[in-house]
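Peer 1:
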Amino acid sequence: MRHRQRSAPPRPRRPERPRPGPRREARSADRKNRGLPCAIALMWTGTTPMHAHDRLIDDLRSQAIPLADEAALARLVAMAADARFVLIGEATRGTREFFDIRAEVTRRLIRDHGFAGVAVEASWPDAYRVNRYVRGDMVIHDADDALADFERFPTWTWRNTVVRDFVEWLRDHNVAFTEPEWKAGFYGLDLFSLEASIEAAAAYLDGVDPAAALRAQAYYGNFEFHHARHRRQCGFETMLGVSPWHDQELMSQLLALRSGHFRYLARSGFAVREACYCAEQTATATRAAERYYRAMFEERVSPWNLRSQHMANSLERLADHIHVQRGEQPKLVVWAHNCLVGDARATEMGERGERSLGTLLREAHGRDAVLIGFSTHDGTVRAASAWDEPGEVKPVRAAVAESYERLFHVVLEGDALIPLRDNEILHCHFSLPRLQRAIGALETPQGERKSEYFHARLADQFDAVIHVDHTHALEPLDHICPRHPDYVAPAFRARA
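If you read the sequence shown in UniProt numbering, its first letter stands for residue 1, the second for the next number, and so on.
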């Protein structure tokens, strides 16, 4: 009797993966196609990966300019001299060399090319005390006193010896100008000092429109912001319907400010126009700050994009204000972190839909916006271990192998300027993504790769990059630390 052989049971079918949506497919295709022209060019010329690497080394060495050479900063300043906006970054929140070089480039742009001042990644009220001092306010005793309003973490970002020395220089520079509108200023673009903005706007209204001031005090009293957590609490409660959304009230205060301006401006004069603009900017910052904290709890709104847009709008309004004062289009320098200065479209941030100040200014002004970044391989940095804790001198570990920082460390002989604008030789190499490091106010030994590195296409991100191979921590005003024994000021300082 023949037995029928049983067939094996059918294998269970593997469930199909869900197909990515068209938006994700487009992003993936875009990511694959970036740098394709350069890759095709290398294949066309028969270049092997080894030859391509050798060519990268040769091209980078031939194009980079040693920072000790006066030609480096001279070329950088020449590239930026005619731009409307020159954004100068920082790869960390606490590196002395970045701040030193940035201050020197800014001095040259103000002194030699008529730039109208510097706008920094800080809130308007905090920075405006510095603006008063550099314009000759005798009530403020010195630069240390002028920087006293920078109380928000991380304080060392602005309350440090480099910024103090620059502020003193700017005040001395302005002495030569008798007309106040031609003195170079120091301004804040950010939105974080909500309490200070509220107080400044209410104080101005009190002098211009007392009735509006009383209404403002009633509205602003609802904020009750006595600590940083209350700002976030306000956004959280608003989303739950516990706390009222103040946007309409804040808009009414802006309208009250503007209607008061027309009566106040009848007195004319620089001081009056300056006071009107200052008050309106503080009220605008207040409104933007609440929108920012609300967005922290609203998935469809990006707090980062709100902040970037506020800073771009603030810079445009500042330029318009100075234009009215001077009768000509001003040129301004901006100090901020690389993440804000660089074009986010060339980074992982852009793939997430995030936009930076550099992105917005490039879109609006094209080549009239110059973006300058920094990088370092190792050294020390001033950073904190947790939010609101004091800054400490912490090590900057040697950069990982796949990063721009390691490439510059291995290939370049020391510190150098890497010019990228209109540089077809380097654009071919740096239009492909590579890891880039960004260190913020916090520095912890855990999770360095995840928290500090991201992919970027350097040639599309910046117009120039300054690489300082070994760096040192900033010296804060609140606790002056002795200089590191091997610290040497950048070479240009001796000739400045």
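Glycine residues also receive a C-beta, built at the ideal position from the N, C-alpha and C atoms.
Does the region 58-77 come close enough to the region 122-139 to have 3 or more Cβ pairs within less than 8 Å?
Peer 2: Taking 8 Å as the limit for Cβ pairs, the verdict is that the region 122-139 does not touch the region 58-77.
Peer 1: Taking the alpha-carbon of N423 as reference, which of L435, N338, D460 and Q281 has the nearest alpha-carbon?
Peer 2: Residue D460 is the option with its Cα nearest to N423.
Peer 1: Please name the residue or residues paired with T95 in a DSSP beta bridge.
Peer 2: Partner(s): A473.
Peer 1: Cutting at 8 Å between CB atoms, please list the residues of its own chain near V167, excluding the five before and the five after it.
Peer 2: Closer than 8 Å at Cβ, skipping near neighbours: V130, Y133, V134, A143, A146, L147 and F186.
Peer 1: Going by C-alpha to C-alpha distance, which of A103, T380 and A127 sits closest to I372?
Peer 2: When each option's Cα is compared against that of I372, the closest is A103.
Peer 1: Identify, in the order they occur along the chain, each residue of the same chain with its Cβ nearer than 7 Å to the Cβ of E443, setting aside the five sequence neighbours on each side.
Peer 2: Cβ within range, chain order: V381, A383 and K394.
Peer 1: Could you say which of A288, E351 and L332 lies nearest to A369 if we only look at CA atoms?
Peer 2: Comparing Cα positions, the closest option is L332.
Peer 1: For G414, which residues in the same chain have their Cβ closer than 8 Å to its Cβ, ignoring the five residues on either side in sequence?
Peer 2: The residues are P66, L67, A68 and D469.
Peer 1: If you scan the region 362-414 from start to end, which runs of the beta strand (DSSP E) of 3 or more residues do you find wholly inside it?
Peer 2: Here the runs fully enclosed are 369-383 and 392-396.
Peer 1: Of all the options R352, R61 and A81, which has the alpha carbon lying nearest to the alpha carbon of F408?
Peer 2: When only C-alpha atoms are compared, the closest one is R61.
Peer 1: Who pairs with T347 in a beta bridge, going by DSSP?
Peer 2: Note: T347 sits in a beta bridge opposite A456.
Peer 1: Once DSSP output is grouped into helix, strand and coil, what is the label at N160?
Peer 2: If DSSP states are grouped into helix, strand and coil, N160 belongs with the strands.
Peer 1: Who are the Cβ neighbours of I418 in its own chain at under 6 Å, not counting the five residues just before and after it?
Peer 2: A64 and V465.
Peer 1: Pull up the CB-CB distance for D343 and G353, whole angstroms please, since I reckon it's below 8 Å.
Peer 2: Going by Cβ atoms, the distance from D343 to G353 rounds to 14 Å, so no, they are not a contact pair.
Peer 1: So, under 8 Å CB-CB, G391 and W156 are touching, yes? Tell me the CB distance rounded to an integer number of Å.
Peer 2: Between W156 and G391 the Cβ distance is about 5 Å, and since that is below 8 Å, they are a contact.
Peer 1: Name the residue from V86, V120 and N174 whose alpha carbon lies nearest to the alpha carbon of G366.
Peer 2: When only C-alpha atoms are compared, the closest one is V86.
Peer 1: Please tell me whether A119 and L360 are closer than 8 Å, where the distance is taken between their beta carbons.
Peer 2: No.
Peer 1: With a threshold of 7 Å on Cβ separation, who are the neighbours of N313 within its own chain once the five nearest residues in sequence on each side are excluded?
Peer 2: So no residue of the chain qualifies.
Peer 1: Could you tell me which of G114, C339 and L56 sits nearest to W304, measuring between CA atoms?
Peer 2: Checked all of G114, C339 and L56; the closest Cα to W304 is C339.
Peer 1: Quick check on W387: buried or exposed, where buried means 16 or more other Cβ atoms within 10 Å of its Cβ?
Peer 2: Per the 10 Å Cβ criterion, exposed.
Peer 1: Taking all protein chains shown into account, do 16 or more other C-beta atoms lie within 10 angstroms of the C-beta of S385, making it buried, or fewer, making it exposed?
Peer 2: That one is exposed.
Peer 1: Quick check: is the beta carbon of K394 nearer than 8 Å to any beta carbon in chain D?
Peer 2: Protein chains in the displayed structure number just one, and chain D is not present.
Peer 1: Find the nearest neighbour of Q309 within the set E179, E121 and E181, judged by alpha-carbon distance.
Peer 2: Out of E179, E121 and E181, E121 has the C-alpha closest to the C-alpha of Q309.
Peer 1: What residue from I425, F98, D190 and H377 has the CA that sits closest to E402's CA?
Peer 2: Residue H377 is the option with its Cα nearest to E402.
Peer 1: Would you mind stating whether F99 and V162 have Cβ atoms separated by less than 8 Å?
Peer 2: Contact flag set, yes.
Peer 1: The beta strand (DSSP E) spanning F430 covers which residue range?
Peer 2: From DSSP, F430 is part of no beta strand (DSSP E) but of the alpha helix (DSSP H) over E424 to F430.
Peer 1: For I322, which of L412, W182, L432 and E452 has the nearest alpha-carbon?
Peer 2: That would be W182, whose Cα lies nearest to the Cα of I322.
Peer 1: Indicate whether A473 and G94 have their beta-carbon atoms separated by less than 8 Å.
Peer 2: In contact: A473 and G94 (Cβ atoms closer than 8 Å).
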